[in-house]
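Chains as they are written, first to last, in my numbering: chain A, 10 to 110; chain B, 837 to 1020; chain C, 139 to 821.
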């Protein structure tokens, strides 16, 4: 098996995640897209690990870290979404426009 | 190596099947107009990814992915969807149609760039020693040994996220409610 | 992993050899850590303590003072040069050299002096704050942030390398932000905190770039390595000494409030008065001077060939003179002292920039005492009359005798009257300028001394003489506040004797020799004796200032205010508006935050559309201009047209900052893509 076949899948997932990040209006959907991107990163890490075969399995260790952080990110992200939803009765990002000058 | 050579290895057929499933369901995650479907497609993507991990001899991570993501994170997402009262049926307002062309161009060029660089960098390099999975002992020794500090920090981050999540999501009482509580 | 490096004592000013300092130098790191321990303890237990956690802060400072005093004494007798550092991480290879990130502490003449000043002034100010802050809001948090402030400063002065210095530097900036905005319920104070933080941040860019430039070019961030490379006139350093030196100087300008980045310091008065006292005396503003002194060989070794001094001295000279003038028109007593600090920092900066290592630091040393004294005295007055304005004070000398006498001692010391401390240190700066051949600057400095004496006399006269103009009946402050005043008045009066040129205190040597305990000799000039002609000029300027001030404000109570309202046309509004520098800076910030940010967003999102529109608009305006200009309006049309272009561009650009996160995200992704493509192509 080639390294590249996995890297290409990861690249596809990553760019799809980017697409979702940019077009989705619903905040939960945006978080889903971010998960997709993180997953692509994990594939990359595992593929490099399988390619280089470090004695300490560094790639896998880091992909575990990524998974953990992603879980934390979802928790916080959903809490924030919930909070905003309570205040504005909407989960659509384009209605959160308080960051205007 | 030609394409025919590549295809002659049976393991690559498995790869093609899983990869196609992953990519197709990922595509549906970002294009589906139904919120619950999108979340369920993410499950399919993650399951496929776990399959890819198994092919790359990363067993522990594959099962972690299944447990943590499919088991927990997706449930969290479904809760999020329920609580924010997202429409459960097809909902045309889920995307921002004006942003679509630009986003498509951007993500396409992102893909081209990523694919181009990795093709340039790795050519037809083979994965080493795919048959032997990384044993969990190695992983554990590395995690509790060399990377123990990051490990602890990540644990702390999780704790902070837990506390933060509760604090953020907890509803403050309105002054009226507070008065009622105080009266009791 | 732990690597104790004891640097070989080299021949220096201190009789040839230095000691390693023994137990107290080995454990000097306690001074760097104890304020942070106090910080945590206050956060944890502060609310439950009787004095709101001040016990911990004072305790930490007391421990520090013990260490600093012992080290100071040891340094007097034997001269200590020692560096202890621990390797924290390897930050990679650069040009074949391992770059190591180290933390540790430096124990040499310079840092011992700073340890002593910070601990001594810090202890007294903390004690004073117990009385001053009694019954105020959020007292535990105040002491916690105060400990953080002092601790960061100690991290900074103890730093054996540029990286730790930057850590302490940013810590000081953070703590000052917290303390300046301590009363954040008022928008004014929040703005003052922001102003201080942002101004410092601008300067920090210089510091960080300078540190990278200098550190990378010799492959080591540690100060001994930089000093040795400079002393050896190393090739690698010679090439960047000018740029690196100026960048570091730029960083120092921000922290040490040099013109034109002084604007934050007067506003920093928004914090409680003890904060101002500590900030102006021992911590924060001295950091810039300290940085210059720490990297002094870098400036000294290449000064002849790259002419870096010609760039730095004018900044110091402008600061010392122009900012002194501003103190003349301020009504707020703390503002008078704040501008006075800026002006005195100008003296120090001028001295260090002109090659007067000892002169600048000696002024820092004496200034720390009398400026802390003056601020604490002002705080005592404010505590009594509940107003910052001198127009609400007057005649307080009978009601507050201790405050009055100590304030007078601080003032005459600042005014440079013999035999108080300020006289000797200012005289040394004049001597340095004279010796290095900057005679014109020396005369400006003498004029600055006149101004200093003038505004201090005005402040003393308006506060303590004449009749009381405020409300209620003021009382002397409690003993916990007056005792620090008295303890600060003593060094303010006599610290000058530590460094009379050519005079040694028995076997202890003098301040010059104590400061000379560095790994690399500083090679600055030490005069053999006082130049009495020069001293006479300085003294005459000081006495003249006092005389004029006294004539104008001192004698009769009734006309004090009327005279203070005497407004010289042109000059008075100029000074009142602080030379319009604040307005200019605000405008710049407004431009980058508003139009510039909007323009950036515009480029990202709607490039094509607006190019078309813009071309059409420009053509239309051009047409209109030709028509209007040729036809009827003549020269007026140019201005109307230009302002119309600006106006319409502004209002159309205004819509482009949409507040939509995803548009911003798109820009970020595109930007990243472009960067990666550039990198790939370059490869």
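Just so it is clear, CB atoms sit at the ideal spot from N, CA and C, and this is done for glycine as well.
- By the 16-neighbour rule on beta-carbons within 10 angstroms, residue 856 of chain B is exposed.
- At least one CB atom of chain A sits nearer than 9 Å to the CB of residue 986 of chain B.
- Between residue 458 of chain C and residue 481 of chain C, the CB-CB gap stays under 9 Å.
- Contacts with chain A (Cβ-Cβ distance below 7 Å) from the stretch 176-208 of chain C involve no residue at all.
- Taking 9 Å as the CB threshold, residue 21 of chain A stays off the interface with chain C.
- Secondary structure remark: continuous beta strand (DSSP E) runs of at least 3 residues inside the stretch 345-429 of chain C: none found.
- Contact annotation: the stretch 225-234 of chain C does not touch the stretch 270-283 of chain C, with fewer than three C-beta pairs closer than 8 Å.
- Chain-ordered, the chain A residues with CB closer than 7 Å to the CB of residue 900 of chain B read 73, 76.
- Per DSSP, reduced to three states, the secondary structure at residue 64 of chain A is coil, with no helix or strand assignment.
- Taking the C-beta atoms as reference points, residue 53 of chain A is found nearer than 9 Å to residue 15 of chain A.
- Judged by DSSP secondary structure, residue 220 of chain C falls within the beta strand (DSSP E) whose first and last residues are 220-232.
- Taking 7 Å as the cut-off between beta carbons, the residues of the stretch 800-812 of chain C near chain A are 800, 803, 804, 807, in sequence order.
- Here residue 788 of chain C is exposed. Its C-beta has fewer than 16 other C-beta atoms within 10 Å.
- For residue 474 of chain C, the nearest beta carbon of chain B is not closer than 9 Å to its own beta carbon.
- Around the beta carbon of residue 786 of chain C, fewer than 16 other beta carbons sit within 10 angstroms, so the residue counts as exposed.
- According to DSSP, residue pairing for residue 962 of chain B in a beta bridge involves A:11.
- Interface residue (Cβ-Cβ distance to chain C less than 9 Å): residue 40 of chain A is not classified as such.
- The alpha-carbon separation between residue 402 of chain C and residue 385 of chain C amounts to approximately 20 Å.
- Shown here is that no member of the stretch 954-973 of chain B has a Cβ falling below 7 Å from a Cβ of chain C.
- In the three-state reduction of the DSSP assignment, residue 157 of chain C falls in the strand class, which pools E and B.
- The continuous stretches of beta strand (DSSP E) do not include residue 498 of chain C, which lies in the alpha helix (DSSP H) extending over residues 495-523.
- Residue 893 of chain B belongs to the set of residues whose beta carbon lies under 9 Å from a beta carbon in chain A.
- The beta-carbon of residue 906 of chain B is placed no less than 9 Å from the nearest beta-carbon of chain A.
- Listed as beta-bridge partners of residue 242 of chain C by DSSP are C:223.
- Listed along the chain, the chain B residues whose CB falls inside 7 Å of the CB of residue 46 of chain A amount to none; the nearest CB is some 10 Å away.
- Going by DSSP, residue 528 of chain C is part of no alpha helix (DSSP H) at all; its letter is neither H nor E.
- Out of C:227, C:190, C:208, the CA that lies nearest to the CA of residue 273 of chain C is found in C:190.
- With fewer than 16 neighbouring CB atoms inside 10 Å of its own CB, residue 96 of chain A falls in the exposed class.
- Listed along the chain, the chain C residues whose CB falls inside 7 Å of the CB of residue 935 of chain B are 800.
- Straight across, the Cα-Cα distance linking residue 216 of chain C with residue 354 of chain C is about 35 Å.
- Against residue 31 of chain A, the close residues of chain C are 800, 803, 804, 807, in the order they occur along the chain (beta-carbon pairs closer than 8 Å).
- Nearest Cα to residue 437 of chain C within the set C:453, C:814, C:369, C:185: C:369.
- By the C-beta criterion, the stretch 581-599 of chain C is judged to be in contact with the stretch 473-488 of chain C, since at least 3 inter-stretch pairs fall below 8 Å.
- Proximity to residue 926 of chain B across B:863, B:1013, B:868 peaks at B:868, based on C-alpha coordinates.
- With fewer than 16 other Cβ atoms inside 10 Å of its own Cβ, residue 628 of chain C counts as exposed.
- Under the three-pair Cβ rule at 8 Å, the stretch 995-1013 of chain B counts as touching the stretch 75-91 of chain A.
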